[in-house]
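Residue numbers (our numbering), protein chains in the order written: chain H, 23 to 529; chain E, -8 to 142. Note that the Cβ used here is the ideal one computed from N, Cα and C, for glycine as well. These figures come from a predicted structure and were not determined experimentally. Beneath this line is the structure, given in structure tokens, with notes to follow.
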Amino acid sequence: MELLNNLSLGFGVALTLGNIGYCFIGVLLGTLIGVLPGIGPLVTISMLLPITFGMPPVSALIMLAGIYYGAQYGGSTAAILVNLPGEVSSSVTCLDGYQMARRGKAGYALATAALASVIAGFIGTLAIATLAKPLSAWAIEFGAEDYFGLMVMGLVSATVLSNGDLAKSLGMVMFGLLLGLIGTDVNSGIERFTFNVPELADGIGFSILAVGLFAMPEVVSNLGQKETREVFTAKISGVMMSWAEFKAILPPSLRGTTVGGLFGMLPGVGPTVSAFAAYMVEKKVSKDPARFGLGAVEGVAAPEAANNAASQTTFIPTLTLGIPGSATMALIFGALVMYGVQPGPTVMVRDPQLFWGVVASMFVGNVMLVALNLPLVGVWVRLLTVPYRWLFPCIIMFCAFGNYTVNSSVVDVYVCAAIGVLGYVMAQLDCPPAPMVLGYVLGPQMEEYMRRALLLSGGDSMVFLRSPLSLFFLVVAALLLISMSIPAIRRKKHIVYEEKSEAEAKA
Amino acid sequence: MFGHSFRHKDTLAGIVFVLFGTLAFLIAQRYPAGTLLDMGPGYFPRALSALLVLLGLGIMARGLRTGGAALATWAFRPLLILTLSMVLFGLLVERIGLVPAMVILIFTSSAAGREFRLREVAVLTALMCLFSVAVFVWGLGMHFPLFAWGF
């Protein structure tokens, strides 16, 4: 009953004309960038951050969320028609989706992807609505030391589970934590690491860091590669499916949703691994596994359902515990902090409108996505042929000008360029940017909670081990670190990622 | 052998971490550390940068020992052109106005691509200028001098 009340509160927010508009812009942009090769949700969200600062937080979040899950939809279109995943998470869809298209069943494949996605979207959103409340209820009575422990666990779990070298990810976290300290210290008023540049007194802006770390390196490395694309131009027919066809895709969609929904809640796993896991499950369950890779419809339905379910449920740890589980979530998390909303257990109590508004907007957005994707598929197909040389100057312009508009400060533009160079160098050295953003966002808060906990305990550093909650978080963090240092588990993790890249290579 | 190792990702990543960590540690000496009970502004940065240096040394040692993955090729040209075009935009935007600075930004950054087709870039520039003026200046009501020729 309470769920219904909450949802109706949410729909009250999501269904205002303005927010419907923002939701539409979000899913439209999401589909667009999902289809366009070489530009993904990370780049888009970081580019748009400067614009969102003038918007109410709930509208901004509705739009950013729309971009995120919309991109998962659009990514499948490119995967099926061009055999090129618009998003990494759609790479699994390439395997059977493109084969279906080659066998003249492009329409059925597209419809399957859309329907599986919307089923997963609905269930995933329902999961957020039902699970978020109990998860955050126990987290409200946190002390300063517990928050510190929670942040340590969040940082560690995101690094451990992310697709990257553990030591380098940890290094990036610390690097990010240090970057987050740039600016005026709130307790003493001393300016730290500002090099006497007055513009740095408030620290490096979040959108500057995001653009520098995600957009710039992406563009540079794309330009360093050769552009090869082969567009599948056959006519698409049969986007309407029969009842029998629908019955064939329903069970794999539901299985995919379950797999994706569960995986999405784990920090660092996200849509890509979920889609891959769902594909594996389907292959195991199938009576005739030999069909996979040759245009099996289950091979489209399950991973598409999984990556959408996962992209919804990744919001759960972000919004309830304040632990962003993926790079995109780290961006959304950082944006929330910049809007003055503290993501975490208190969001639902302090900003119920924000939380339930965003959840309700996901229902609205999922409906819009089906309407956008199926009848308009012809438009998106044509967009597939847009060359990258038209796109990247626009991205760079958004990076430079967008960040200039935030404070009308040219120093921001220079800092952004510098971070772009740093970001590219780190990416070349296989140091993942997401842990750095996480560290940057959590740095000032971690310091503050550590200070406060030590002050309240009279300088006793054992306070972190005495509070049961804090102890629990720290033990989990330690266990994660230890487990990742054990060769057997590390190898297992590598196998998962290797099989995934094999699947991508095959695609 | 030593010079060869520096072409490996692990060694270089370790060096970058050690350099930044050392720099941060040295700068942090200027801020009072305080005590555990009453942490000063220097406490957290010192602890963090020391950790970063240690971790960096570990990664470096691993790189020197095992070699690690070799470096991928660097896309120096796009990196240089794009960075310079952003710096140029920063230098120009308040001197010659938003629209001219943006025209220069899009033209210079387009040069980072493999192909540069003058007509396409011109159309793209016109569209992007119109779009950004429409969104930021007319839509969001921000005030920027669109044209200013006073150097």
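Determine the closest residue to residue i out of the options, with distance taken between C-alpha atoms.
i: residue 241 (chain H); options: E:74, E:43 and E:136; result: E:74
i: residue 384 (chain H); options: H:167, H:416, H:331 and H:349; result: H:331
i: residue 401 (chain H); options: H:100, H:425, H:106 and H:194; result: H:100
i: residue 244 (chain H); options: H:344, H:417, H:268 and H:94; result: H:417
i: residue 264 (chain H); options: H:237, H:360, H:207 and H:129; result: H:129
i: residue 111 (chain H); options: H:312, H:473 and H:300; result: H:300
i: residue 398 (chain H); options: H:96, H:34 and H:189; result: H:96
i: residue 195 (chain H); options: E:27, E:34, E:26 and E:46; result: E:46
i: residue 497 (chain H); options: H:104, H:94 and H:174; result: H:174
i: residue 132 (chain E); options: H:448, H:73 and H:367; result: H:73
i: residue 444 (chain H); options: E:26, E:70 and E:17; result: E:70
i: residue 262 (chain H); options: H:222, H:75 and H:137; result: H:137
i: residue 124 (chain H); options: H:490, H:157 and H:318; result: H:318
i: residue 293 (chain H); options: H:239, H:282 and H:32; result: H:282
i: residue 168 (chain H); options: H:505, H:492 and H:506; result: H:492
i: residue 351 (chain H); options: H:386, H:337 and H:477; result: H:337
i: residue 365 (chain H); options: H:427, H:389 and H:339; result: H:339
i: residue 614 (chain H); options: H:235, H:247 and H:219; result: A question about residue 614 (chain H) goes unanswered here, because the residues of chain H that appear run from 23 up to 529.
i: residue 471 (chain H); options: E:15, E:29 and E:3; result: E:29
i: residue 211 (chain H); options: H:201, H:219, H:199 and H:224; result: H:224
i: residue 342 (chain H); options: H:35, H:370 and H:422; result: H:370
Starting from residue i, trace the alpha helix (DSSP H) in both directions and tell me its first and last residue.
i: residue 94 (chain H); result: 79 to 104
i: residue 228 (chain H); result: 228 to 232
i: residue 65 (chain E); result: From DSSP, residue 65 (chain E) is part of no alpha helix (DSSP H); its letter is neither H nor E.
i: residue 379 (chain H); result: 374 to 395
i: residue 145 (chain E); result: Residue 145 (chain E) falls outside the range modelled here, since chain E spans only -8 to 142, and no answer is possible.
i: residue 406 (chain H); result: From DSSP, residue 406 (chain H) is part of no alpha helix (DSSP H); its letter is neither H nor E.
i: residue 495 (chain H); result: 490 to 507
i: residue 116 (chain H); result: 113 to 124
i: residue 434 (chain H); result: 432 to 450
i: residue 472 (chain H); result: 455 to 478
i: residue 8 (chain E); result: 0 to 19
i: residue 47 (chain H); result: 39 to 57
Going along chain H, which residues have a C-beta under 7 Å from residue i?
i: residue 66 (chain E); result: 242, 243, 245 and 246
i: residue 104 (chain E); result: 245, 411 and 414
i: residue 84 (chain E); result: 426 and 432
i: residue 74 (chain E); result: 439, 442 and 443
By DSSP, does residue i sit in helix, in strand, or in coil?
i: residue 106 (chain E); result: coil
i: residue 74 (chain E); result: helix
i: residue 206 (chain H); result: strand
i: residue 213 (chain H); result: strand
i: residue 25 (chain E); result: strand
i: residue 69 (chain H); result: helix
i: residue 30 (chain E); result: strand
i: residue 61 (chain E); result: strand
By the criterion of Cβ-Cβ separation under 7 Å, what are the contact partners of residue i in chain E?
i: residue 469 (chain H); result: 35
i: residue 504 (chain H); result: Here the premise fails: no neighbours, minimum Cβ distance about 16 Å.
i: residue 207 (chain H); result: 32
i: residue 214 (chain H); result: 22, 32 and 36
i: residue 476 (chain H); result: 27, 28 and 30
i: residue 473 (chain H); result: 30
Take the Cβ of residue i as the centre, count every other Cβ of all protein chains shown within 10 Å, and call the residue buried at 16 or more, exposed below.
i: residue 485 (chain H); result: buried
i: residue 139 (chain H); result: buried
i: residue 326 (chain H); result: buried
i: residue 127 (chain H); result: buried
i: residue 134 (chain E); result: exposed
i: residue 473 (chain H); result: buried
i: residue 407 (chain H); result: exposed
Would you mind telling me which residues of chain E sit closer than 8 Å to residue i, beta carbon to beta carbon, in chain order?
i: residue 74 (chain H); result: The premise fails here: residue 74 (chain H) is roughly 11 Å from chain E at the closest Cβ pair, so nothing lies under 8 Å.
Kindly list, in the order they appear in chain H, the residues whose Cβ is closer than 8 Å to that of residue i.
i: residue 78 (chain E); result: 435, 436 and 439
i: residue 26 (chain E); result: 481
i: residue 13 (chain E); result: Chain H residues near residue 13 (chain E): none, gap ~12 Å exceeds 8 Å.
i: residue 43 (chain E); result: 193, 196, 197 and 200
Under a CB-based cut-off of 8 Å, is residue i close to chain B?
i: residue 51 (chain E); result: In the structure shown, chain B does not exist; the protein chains are H and E.
For residue i, which residues in chain H fall below 9 Å Cβ to Cβ?
i: residue 159 (chain E); result: Because chain E in this structure spans residues -8 to 142, residue 159 (chain E) falls outside the shown range and cannot be described.
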